[in-house]
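To start, the structure itself, in structure tokens.
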Amino acid sequence: MLPTPDLSHLSKEDLMNVYEPAEDTFILLDALENDASSLQDMKPLICLEIGSGSGCVSAFLSSILGPRSALYLCTDINQHAAACTVRTGAQNNVDLSSVVADLGTPFIDRLRSSVDILLFNPPYVPTDMGEAEFAQSSRNIQSSWAGGTDGMSVTNNLLFSVPTLLSKTGRFYLVAVEPNNVQRILHWMLEQYQLVGQVALKRRAGRELLYVLRFERQCL
Numbered sequence: 031m032l033p034t035p036d037l038s039h040l041s042k043e044d045l046m047n048v049y050e051p052a053e054d055t056f057i058l059l060d061a062l063e064n065d066a067s068s069l070q071d072m073k074p075l076i077c078l079e080i081g082s083g084s085g086c087v088s089a090f091l092s093s094i095l096g097p098r099s100a101l102y103l104c105t106d107i108n109q110h111a112a113a114c115t116v117r118t119g120a121q122n123n124v125d126l127s128s129v130v131a132d133l134g135t136p137f138i139d140r141l142r143s144s145v146d147i148l149l150f151n152p153p154y155v156p157t158d159m160g161e162a163e164f165a166q167s168s169r170n171i172q173s174s175w176a177g178g179t180d181g182m183s184v185t186n187n188l189l190f191s192v193p194t195l196l197s198k199t200g201r202f203y204l205v206a207v208e209p210n211n212v213q214r215i216l217h218w219m220l221e222q223y224q225l226v227g228q229v230a231l232k233r234r235a236g237r238e239l240l241y242v243l244r245f246e247r248q249c250l
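Note that this note's numbering has the sequence shown beginning at 31, numbered continuously upward.
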């Protein structure tokens with residue numbers, strides 16, 4: 031079992047502004063570790079995490095693939111999170127390049143069909159749309175969990191760009207919860223973009239039923 035990345039450098043003040051790794055983070059780490067062998071076989075060159083928060087997930091991915099075997103890119107709408115991601119990379123001996131940005135916007139054109147591993151643990155908690163819109167505009171820790179109607183307002187915005195970013199053999203990992211309607215997500219990605227999805231891991235954490243969905247391009 032691979033260790034969780036070292037986050038001892040994060041202060042109490044950091045964790046007041048940046049989402050602290052929790053069960054949704056750990057299920058994504060476990061899904062990646064379960065797929066470690068096949069991920070290594072892919073020999074990915076470009077990895078992109080959307081909403082990197084503390085940087086824990088990308089640092090963990092680097093422990094699977096090797097810190098110098100791929101380019102590790104991260105985005106977060108929260109400038110505190112972007113800074114913490116860089117520091118987490120340094121703490122764990124990997125260069126995590128972090129950009130303050132809304133989803134994958136800066137990379138849509140320059141990384142078209144180039145991202146081999148795409149990761150997103152979105153703000154998935156169902157809230158009213160006003161709360162979700164305020165959270166995104168505030169660009170603070172609230173933006174890491176307020177998900178709007180069905181918890182899907184931010185996720186839906188990213189799903190449109192996944193087919194553009196993903197390489198021919200790329201994989202997309204998405205964290206979701208039961209109210210997000212997992213089967214609808216799987217069906218929509220297949221129907222609209224010929225991306226085949228499956229439940230890579232499912233786990234109950236308190237009142238939440240957490241999922242990690244894994245998507246790949248349909249083989250023709």
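In this text, a Cβ means the ideal position worked out from N, Cα and C, and glycines have one as well. Treat the numbers as computed from the prediction; the structure is a model and nothing was measured.
Would you check if the distance between the CB atom of LEU78 and the CB atom of GLY134 is smaller than 8 Å? yes
Quick one: any contact between the stretch 65–76 and the stretch 85–105, if contact means 3 or more CB pairs under 8 Å? yes
Length of the line joining the Cα atoms of LEU240 and ARG140: 33 Å
Threshold first: 4 residues or longer. Then list the alpha helix (DSSP H) segments lying entirely within the stretch 100–183, N to C. 109–121 and 159–168
Should the stretch 199–206 be called in touch with the stretch 232–246, which here means at least 3 C-beta pairs below 8 Å? yes
Tell me whether the beta-carbon of GLY81 lies closer than 8 Å to the beta-carbon of ASN151. yes
Counting only the same chain and skipping the five closest in sequence on each side, list residues whose C-beta sits under 6 Å from that of ALA30. Since the first and last residues shown for the chain are 31 and 250, residue 30 lies out of range.
Does DSSP put LYS198 in a helix, in a strand, or in coil? strand
Taking Cβ to Cβ, would you say ALA61 is nearer than 8 Å to ALA176? no
Top-ranked residue by Cα proximity to SER167, from SER191, ASP132 and PHE56: ASP132
Is ALA66 helix, strand or coil by DSSP? helix
Residues sharing a beta bridge with GLY227, DSSP: PHE245
Between which residues of its own chain and LEU126 is the CB-CB distance below 7 Å, once the five residues before and five after are set aside? GLY85, SER88, ALA89, TYR102, CYS104, THR115, VAL116, THR118 and GLY119
Tell me the DSSP secondary structure of VAL87 in three-state form. helix
Based on the DSSP secondary-structure assignment, which residues constitute the bridge partners of LYS232? TYR241
Limits of the unbroken beta strand (DSSP E) element including LEU78: 76–80
Thinking C-alpha only, which one of PHE245, SER144, SER173 and ASN64 is nearest MET46? SER173
So what does DSSP say about VAL207, is it helix, strand or coil? strand
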